[in-house]
Amino acid sequence: QVLRGEGYERSISALSGEERERCELLVREYLANVDPEPILAPGEMAKVQYCYRLLRERALAAPSDAGGGKGNGESSCINSGVREEEMETLRLQLQQRDHEINILVSMLNSNGSSG
Numbered sequence: 093q094v095l096r097g098e099g100y101e102r103s104i105s106a107l108s109g110e111e112r113e114r115c116e117l118l119v120r121e122y123l124a125n126v127d128p129e130p131i132l133a134p135g136e137m138a139k140v141q142y143c144y145r146l147l148r149e150r151a152l153a154a155p156s157d158a159g160g161g162k163g164n165g166e167s168s169c170i171n172s173g174v175r176e177e178e179m180e181t182l183r184l185q186l187q188q189r190d191h192e193i194n195i196l197v198s199m200l201n202s203n204g205s206s207g
């Protein structure tokens, strides 16, 4: 629809309450998705613009939420859980890399001393 140039006839103000709620749900799911390449596909252009507006509002509100303790804390709990999982994954990867490096260094040392 967007590629065909359609969907421009409606403005954001023409979206129904149900459509706005659906966009809010899509944005929440998009932000909570741990996939490195999440997809946000609301459909017509008015909904795309509304989703971008919601994302912008969240981005602008993020510093005050983190510093002032305002808001309901739902998104920060989700983000904190995601961050903890990601940190644990990275920590395990780092341990594995260290172990692999130690093995390679041992192999180099043993080949260097025998040759």
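Basically my numbering = 1-based index in the sequence shown + 92. Ideal Cβ placement from N, Cα and C applies to all residues, glycine included. Please read these numbers as outputs of a predicted model, since none were measured by experiment.
Sub-8 Å separation of residue i and residue j beta-carbons
| i | j | result |
| --- | --- | --- |
| ALA138 | ILE104 | yes |
| GLN146 | VAL119 | Note on identity: in this sequence residue 146 is Leu, with Gln being the wrong assignment. For LEU146 and VAL119, yes; Cβs fall inside 8 Å. |
| GLU136 | ARG102 | yes |
| TYR122 | PRO128 | no |
Sequence-distant residues of its chain with Cβ nearer than 8 Å to residue i (five each side left out)
| i | result |
| --- | --- |
| ARG112 | TYR142 |
| CYS115 | LEU107, PRO134, LYS139, TYR142, CYS143 and LEU146 |
For residue i, three-class secondary structure by DSSP
| i | result |
| --- | --- |
| LEU107 | coil |
| ARG102 | coil |
| SER198 | helix |
6 Å Cβ shell around residue i - same chain, five flanking residues per side excluded
| i | result |
| --- | --- |
| GLU110 | none |
| VAL140 | PRO134 |
Residue environment, residue i, which counts as buried when at least 16 other CB atoms sit within 10 Å
| i | result |
| --- | --- |
| PRO134 | buried |
Scan the segment 109 to 145 and note each continuous alpha helix (DSSP H) run of 4 residues or more that stays entirely inside, going in chain order.
109 to 124
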